[in-house]
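First the structure, in the form of structure tokens, and then the observations on it.
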Amino acid sequence: MLLDVIVYLLQHSLQTLFTLLVTFGLYFFVLYPFVFSPLRDIPGPYIHRLSKIPALHYQRVGKWIRRVSDLHEKYGDVVILSPTEISVNGDSKYINDIYIKNFPKSPFYENFRNHGFKDNIFSSLENDRHLGYKKLVMSLYSKSAVFSHKNPTRQNIVNKVRLVVDNIYQSSVTGNQPDYINAKGEENIHSKGFNLQDGGKWFNPSSKTKNLGIDVYPLFASLAMDVVSAFELGVENGSNLLKHPEQRGIVATHALQALMGFWTTLMPRFWNWAASSRIKQASVVIEEWQLAMYDVAEANVPSFCEGQNMTTLEQLKKNGLTGKNAYSFLSDNIFAGHETTAIQLAFLTFELLRPCNFKVQRKLIEELQKTFGKPKGPQDYIEDLETVDSLPYLDLIMLENSRVHTSIPGAEPRIVDRPYYVNVYNKDSKTSKQVGIPVGTTISCLPYGMHRVESVFPNSEHWIPERWMPYEHETPLEYNSRITTQQKYMMPFGKGIRMCLGMNVAQIEMKMAIANIYWHCNSKLCEDWCEITSKENDPVLSTSPVPIGNSAPKNKTDIEKMTMYDLYTTRPLNDECWLEWYENE
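Residue numbers (our numbering): 470 to 1054.
Structure follows, in structure tokens:
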């Protein structure tokens, strides 16, 4: 009988092959996605039900955040991204369930390991392993430790912020040291100078002698790099980019490597194939630069007074993590710590100088001058961390900026490790039902999307700091309730046990920088760098929100040049932001 069947199949091979193909196609394209798939009741486009390829494609070309946002706009709070992955949005319960209740990380994070695939706090997938790592160093990053007069971080932040103000005075306000290095753009392949290849001739064609343009993005990255490397290794052992502009090319080198995020995290096997020779060289340069700093720190261990914290490196060594096992922690902190802070400061200063936000800039300056008086001169600085930290208007500006321009707008994927249900709303029937999500499914919230839930943040695409203030005729109870709700949707530093470890350092560093800069100066866009489309008296252009994407139509206007790059970690589209600074009256 069996032999007869085999003979028949061989004699009718084409018919058999056709039948098998039809059967396979019917199962793969119809039955599985709509009948057998455990995610069959999750809404979303048909093509995303079939394969991971569409999701990978949109991530590769830098359109994924926009794509997921559009899917939620069309299909609702719960959408399918691939046969094994969903995205949830629109309800803060998902942030609570997934991140505060600590679903484990997806394998996406494994590839943030460094120096021979050595594990670190950020890349560890299991919660217990992560907590074990975190306990080793978390006391160093507490707010009380950062603000302590006994620890060097406090004074180091003050000193580095002084250098930022000095840079702004020298390169822009007085014009004594024009920013020719960044104008040439030899290190930044996205810069105006690099693309024009004119040796920086585009810069200051009118030959102004003061109030010149200065590229603040690498300036802020240098601030953050100097602060975080000193925190990790000791003040004497960290980078010194603010004092040595000629060394700031390492910032552009980091930005170049960051472009490989898709290949690093999702397709690591093909990284060498996808990377250009320039990017491969950048990776070598970065690791050599990092290891050179670590060698210096190993040979120059800071002395610690009683009651003073160790550096992160010495704390790790004390707990048995040495060599590249410790360096993986340091490199992750330094890479992420300098990048995210620079992003926030660049977008914040850009928003403050837009004509539609002149009133916000003026109000910030008024708050600073009311609190600290007027500076006695360029060498007068604000050093009071506690007072700066408590400034209400500065705080709400920072909040709104982290909402609109969150440094990491990309999804934070987790793995469902217990029975879990989502609420799926059918727009056609206007009914809802609970859908069980199988264990092993990848699930995520998109910070970019959560920060733009329209019912919570009206006019959510727009940068409106006043949304964090009491509204007219709003009672204190109503205000507190609204702010509490808004905070539930905010995740600029993550949520739960996986929240950003360096949050306290970053927040006071940014506040001190903004407070000192705007205590002395006000800012305008550099017209040599871009066409200024934002007009104070134009009701449309004056309030145009900054888009997210991987390109700009002409890449000439202020809004185009400051497009948020559609990546897991965003940045200005051209890795630059040229501003002019004027001394306050």
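Idealized CB from N, CA, C, for every residue including glycine.
For this session: In the DSSP assignment, find the unbroken alpha helix (DSSP H) run with Gly601 in it and report its ends.
Result: Residue numbering aside, residue 601 sits at position 132 when the sequence shown is read from its first letter. Gly601 -> alpha helix (DSSP H) spans Asn596 to Val606.
For this session: In angstroms with no decimal places, state the Cα-to-Cα distance between Glu869 and Ile522.
Result: In the sequence shown, counting from the first residue as 1, residue 869 sits at position 400. In the sequence shown, counting from the first residue as 1, residue 522 sits at position 53. Whole-angstrom Cα-Cα distance: 35 Å.
Problem set entry | Classification of Gln624 by the beta-carbon crowding that lies within 10 angstroms, buried from 16 upward | Sequence index remark: in the sequence shown, residue 624 carries index 155 (1-based). By the 16-neighbour rule on beta-carbons within 10 angstroms, Gln624 is exposed.
Exercise. Which partner residues of Ile683 appear in the DSSP bridge assignment?
Worked result: Reading the sequence shown from its first residue, position 214 is the one you call residue 683. Ile683 is bridged by DSSP to Leu1048.
Exercise. Where do the N-terminal and C-terminal ends of the alpha helix (DSSP H) with Asn628 fall, by residue?
Worked result: Mapped onto the sequence shown, residue 628 falls at position 159. First-last of the alpha helix (DSSP H) with Asn628: Pro621 to Ile637.
Problem set entry | Arg595, buried or exposed, once every other Cβ within 10 Å from all chains shown has been counted against 16 | Here residue 595 refers to the residue found at position 126 when the sequence shown is read from its first residue. One detail in the question is off: residue 595 reads as Glu in this sequence, not Arg. Exposed is the call here.
For this session: State the Cα-Cα distance for the pair Leu710 and Ile884, rounded to the nearest angstrom.
Result: As a first step, residue 710 must be located in the sequence shown, where it is residue number 241. As a first step, residue 884 must be located in the sequence shown, where it is residue number 415. Distance between the alpha carbons of Leu710 and Ile884 is about 40 Å.
Problem set entry | Proximity of Phe816 and Met1031 at Cβ, strictly below 9 Å | For the purposes of this step, residue 816 is identified with residue 347 of the sequence shown, where counting begins at 1. For the purposes of this step, residue 1031 is identified with residue 562 of the sequence shown, where counting begins at 1. For the 9 Å CB-CB criterion, Phe816 and Met1031 form a contact.
Exercise. Per DSSP, Asn583 forms a beta bridge with which residues?
Worked result: By 1-based counting over the sequence shown, the position of residue 583 is 114. Bridge partners of Asn583: Lys587.
Exercise. If you draw a straight line from the C-alpha of Pro714 to the C-alpha of His807, how long is it?
Worked result: Against the sequence shown, residue 714 aligns to sequence position 245. Against the sequence shown, residue 807 aligns to sequence position 338. C-alpha of Pro714 to C-alpha of His807: approximately 16 Å in a straight line.
Exercise. Touch check for the stretch 595-604 and the stretch 761-771: three-plus C-beta pairs under 8 Å?
Worked result: In the pairwise beta carbon analysis, the stretch 595-604 is classified as not touching the stretch 761-771: fewer than three pairs are separated by under 8 Å.
Exercise. What are the complete alpha helix (DSSP H) segments, minimum 4 residues, inside the stretch 834-901?
Worked result: Taken in chain order, the complete alpha helix (DSSP H) segments of 4 residues or longer contained in the stretch 834-901 are 854-858 and 861-873.
For this session: Using the Cα positions of Ser950 and Met959, report the straight-line distance between them to the nearest angstrom.
Result: Taking the sequence shown and counting its residues from 1, one reaches residue 950 at position 481. Taking the sequence shown and counting its residues from 1, one reaches residue 959 at position 490. Whole-angstrom Cα-Cα distance: 15 Å.
Exercise. Is it the case that the Cβ atoms of Thr722 and Val754 are separated by a distance below 9 Å?
Worked result: As a first step, residue 722 is located in the sequence shown; it is residue number 253 there, counting from the start. As a first step, residue 754 is located in the sequence shown; it is residue number 285 there, counting from the start. Result yes, Cβ atoms of Thr722 and Val754 sit closer than 9 Å.
For this session: Entirely within the stretch 494-570 and at least 3 residues each: give me those beta strand (DSSP E) ranges in chain order.
Result: DSSP runs (the beta strand (DSSP E)) wholly in the stretch 494-570: 547-551 and 554-557.
For this session: Report yes if the CB atom of Ala690 is closer than 9 Å to the CB atom of Trp671, and no otherwise.
Result: Here residue 690 is taken as the residue at index 221 of the sequence shown, counted from 1. Here residue 671 is taken as the residue at index 202 of the sequence shown, counted from 1. Cβ atoms of Ala690 and Trp671: not closer than 9 Å.
Exercise. Mapping DSSP to helix, strand and coil, what is Tyr940?
Worked result: Start at 1 with the first residue of the sequence shown, and residue 940 comes out as number 471. Looking at Tyr940 - three-state DSSP - the assignment turns out to be coil, as it is neither helix nor strand.
For this session: Could you check if Gly545 is buried or exposed, using at least 16 other CB atoms within 10 Å of its CB as the buried criterion?
Result: If you number the sequence shown from 1, residue 545 lands on position 76. Around the beta-carbon of Gly545, 16 or more other beta-carbon atoms lie within 10 Å, marking it buried.
Problem set entry | Through-space distance from Leu837 to Asn1053, alpha-carbon basis | Position 584 of the sequence shown, counted from the start, is the residue given in the question as residue 1053. Position 368 of the sequence shown, counted from the start, is the residue given in the question as residue 837. So the alpha carbons of these two residues sit roughly 12 Å apart.
For this session: Scan the stretch 900-931 and note each continuous alpha helix (DSSP H) run of 4 residues or more that stays entirely inside, going in chain order.
Result: Taken in chain order, the whole alpha helix (DSSP H) runs of length 4 or more contained in the stretch 900-931 are 916-919.
Exercise. Residue range of the beta strand (DSSP E) that Leu994 falls in?
Worked result: In the sequence shown, residue 994 corresponds to position 525, counting from 1. Annotation: the continuous beta strand (DSSP E) that includes Leu994 extends over Cys990 to Leu994.
Exercise. Thinking just about the alpha-carbon of each residue, which of Lys570, Asp684 and Tyr568 is nearest to the one in Trp998?
Worked result: Here residue 998 refers to the residue found at position 529 when the sequence shown is read from its first residue. It is Asp684 whose Cα lies nearest to the Cα of Trp998.
Exercise. Between which two residues does the alpha helix (DSSP H) carrying Met762 extend?
Worked result: Within the sequence shown, residue 762 is the residue found at index 293, counting from 1. From DSSP, the alpha helix (DSSP H) with Met762 extends over Ser746 to Ala768.
For this session: Using beta-carbon positions only, say whether Thr1039 and His920 come within less than 9 Å of one another.
Result: Looking up residue 1039 in the sequence shown gives position 570. Looking up residue 920 in the sequence shown gives position 451. By the CB criterion at 9 Å, Thr1039 and His920 fall outside the cutoff.
Problem set entry | Under the three-state DSSP convention, the category Lys828 falls into | Here residue 828 corresponds to residue number 359 of the sequence shown, with the count starting at 1. Three-state DSSP puts Lys828 in a helix.
Exercise. How long is the line joining the alpha carbons of Tyr850 and Ile877, rounded to whole angstroms?
Worked result: Counted from its first residue, the sequence shown places residue 850 at position 381. Counted from its first residue, the sequence shown places residue 877 at position 408. One C-alpha to the other measures close to 31 Å.
Problem set entry | Where the alpha helix (DSSP H) containing Arg951 begins and where it ends | Sequence index remark: in the sequence shown, residue 951 carries index 482 (1-based). Where Arg951 is concerned, the enclosing alpha helix (DSSP H) stretches over Pro945 to Lys957.
For this session: Return the CA-CA distance between Arg535 and Gln955, expressed in angstroms with no decimal places.
Result: Against the sequence shown, residue 535 aligns to sequence position 66. Against the sequence shown, residue 955 aligns to sequence position 486. Distance between the alpha carbons of Arg535 and Gln955: 22 Å.
For this session: Reducing DSSP to helix, strand and coil, say where Thr780 ends up.
Result: The residue labelled residue 780 in the question sits at position 311 within the sequence shown. If DSSP states are grouped into helix, strand and coil, Thr780 belongs with coil.
For this session: Measuring alpha carbon to alpha carbon, tell me which of Thr622, Asn583 and Lys612 ends up nearest Leu760.
Result: On the sequence shown, residue 760 is found 291 positions in, with the first residue counted as 1. That would be Asn583, whose Cα lies nearest to the Cα of Leu760.
For this session: Determine, using beta carbons only, whether Pro916 and Pro844 come nearer to each other than 9 Å.
Result: Taking the first residue of the sequence shown as position 1, residue 916 is located at position 447. Taking the first residue of the sequence shown as position 1, residue 844 is located at position 375. Taking 9 Å as the cut-off, the Cβ atoms of Pro916 and Pro844 do not count as close.
Exercise. Are the Cβ atoms of Pro507 and Gly905 separated by less than 9 Å?
Worked result: Along the sequence shown, read from residue 1 onward, the residue named residue 507 stands at position 38. Along the sequence shown, read from residue 1 onward, the residue named residue 905 stands at position 436. The answer is yes: Cβ separation under 9 Å.
For this session: Would you mind reading off the limits of the alpha helix (DSSP H) that contains Glu808?
Result: Along the sequence shown, one-based indexing puts residue 808 at 339. First-last of the alpha helix (DSSP H) with Glu808: Gly792 to Leu822.
Exercise. Under the rule that 16 or more other beta-carbon atoms within 10 Å means buried, what is Arg509, buried or exposed?
Worked result: Position 40 of the sequence shown, counted from the start, is the residue given in the question as residue 509. The Cβ neighbour count for Arg509, taken over all protein chains shown within 10 Å, is under 16; the residue is labelled exposed.
Exercise. Hey, out of Phe616, Val696 and Asn991, whose CA is closest to Leu632's CA?
Worked result: As a first step, residue 632 is located in the sequence shown; it is residue number 163 there, counting from the start. Just measuring C-alpha positions, the residue of Phe616, Val696 and Asn991 sitting nearest Leu632 is Val696.
For this session: May I ask you to report which of helix, strand or coil DSSP gives Tyr1034?
Result: In the sequence shown, residue 1034 corresponds to position 565, counting from 1. Strand.
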